[in-house]
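Everything on this sheet refers to the single structure shown next.
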Amino acid sequence: MYVLPRTSMGRRALWLLLPVLLYLLLPVSLLIPDSWRAVSIAVVVAIIVLAVASLVTAGLAVFRERERSVILIVGTSLTFLLVVAYAVGEALGGH
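Right, here's the structure in full:
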């Protein structure tokens, strides 16, 4: 087990995970004014699309190419929790 990804697919998955993890630390959608509702929705949709793409890429890297980096596995786990929390929140009530 090592810290940084060694395969090219693992590095791609990490680059896809980076904006999603930054969104967890700095939620940009809260800084957008309410009058720009469409931009706020577009930012959230883009983060969700990146999250799903990074989960698929990371899953392929871990299972197909035997990627075992700590950063990739922890980042993928946090992204999976974000997607599940969003899905459960929307299923139980939404707005």
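No gaps in the numbering here: position 65 of the sequence shown is 76 in the numbering used here, and each next residue is one more.
By construction, the Cβ of each residue, glycine as well, lies at the ideal position given by its N, Cα and C atoms.
Cβ pair residue i, residue j closer than 8 Å
{"i": "residue 80", "j": "residue 16", "result": "yes"}
{"i": "residue 40", "j": "residue 63", "result": "no"}
{"i": "residue 51", "j": "residue 58", "result": "no"}
Residue closest to residue i, alpha-carbon to alpha-carbon, out of the options
{"i": "residue 56", "options": "46, 34, 44, 76", "result": "34"}
{"i": "residue 65", "options": "42, 46, 32, 39", "result": "32"}
{"i": "residue 28", "options": "73, 71, 61", "result": "61"}
{"i": "residue 20", "options": "71, 84, 90", "result": "71"}
{"i": "residue 26", "options": "94, 69, 103", "result": "69"}
Within-8 Å CB hit, residue i to chain B
{"i": "residue 59", "result": "The structure shown has no chain B; it contains just one protein chain."}
Counted within 10 angstroms of its Cβ, other Cβ atoms place residue i as buried (16 or more) or exposed
{"i": "residue 98", "result": "exposed"}
{"i": "residue 37", "result": "exposed"}
{"i": "residue 100", "result": "exposed"}
{"i": "residue 102", "result": "exposed"}
Would you mind listing the alpha helix (DSSP H) stretches within the region 46 to 93 that are 4+ residues and don't spill past its ends, in chain order? Runs of the alpha helix (DSSP H) inside the region 46 to 93: 48 to 74.
- Query: If you scan the region 13 to 38 from start to end, which runs of the beta strand (DSSP E) of 3 or more residues do you find wholly inside it?
  - Reply: Listed in chain order, there is nothing to give.
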